[in-house]
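Below you'll find the structure, written out as structure tokens, and then a few comments.
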Amino acid sequence: MTPSIRQADPDDLVGVMRLFDGALLETDSDRVSDQLTGRRGCLLIAGEERPVGAVGLIDGREIEADLPWPETGYISAIAVRKERRGQGLGRSLIAAAADRAAPRPLSATFDERVRSFYTACGFEIQEHRGRLWGRRPSDGVD
Numbered sequence: 096m097t098p099s100i101r102q103a104d105p106d107d108l109v110g111v112m113r114l115f116d117g118a119l120l121e122t123d124s125d126r127v128s129d130q131l132t133g134r135r136g137c138l139l140i141a142g143e144e145r146p147v148g149a150v151g152l153i154d155g156r157e158i159e160a161d162l163p164w165p166e167t168g169y170i171s172a173i174a175v176r177k178e179r180r181g182q183g184l185g186r187s188l189i190a191a192a193a194d195r196a197a198p199r200p201l202s203a204t205f206d207e208r209v210r211s212f213y214t215a216c217g218f219e220i221q222e223h224r225g226r227l228w229g230r231r232p233s234d235g236v237d
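If you read the sequence shown in the working numbering, its first letter stands for residue 96, the second for the next number, and so on.
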């Protein structure tokens with residue numbers, strides 16, 4: 096059973112940081128705190144007592160990097176606990192992020208090792224400045 100997904104709040108900071116750190120993601124507590132309070136984007140989590148999955152979403156226009164698609168909801172981080180992978184939780188988090196970003200499409204940058212995940216989630220992938228970037232149209236259409 097897929098746990099419900101909700102907007103995270105400041106009380107979720109430690110659990111979210113543990114989740115992101117466990118996934119070896121480059122995150123910092125200030126950025127996550129800004130997402131938890133809604134100052135800069137949002138953070139959605141799956142799980143009641145402790146997060147078993149989380150996705151950070153910010154406005155692509157706020158990214159300092161050279162985004163190929165700035166008018167998007169940018170996925171700043173996504174992670175699912177190892178023991179919960181392969182159960183559709185990552186796809187559910189992407190779907191929740193897409194709902195939150197609508198009507199704008201989603202975008203993300205990622206490693207080759209997770210390319211198949213983003214492809215399965217409906218992202219169109221291209222290489223841009225030596226990195227992989229994905230763009231997922233809103234509601235499957237642009």
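Note that CB positions come from ideal geometry on N, CA and C, so glycine has one too.
When secondary structure is reduced to three states using DSSP, S202 falls in the strand class.
Per the C-alpha coordinates, the member of S202, R134, A103 positioned closest to Y169 is S202.
CA-CA distance, D106 to E166, rounds to 30 Å.
In the DSSP assignment, Q130 falls within the unbroken alpha helix (DSSP H) covering 124-132. Between the alpha carbons of S128 and L188 lies a distance of about 19 Å. The region 130-146 and the region 219-233 do not touch, with fewer than three beta-carbon pairs separated by less than 8 Å. For V109, the uninterrupted alpha helix (DSSP H) segment begins and ends at 108-117.
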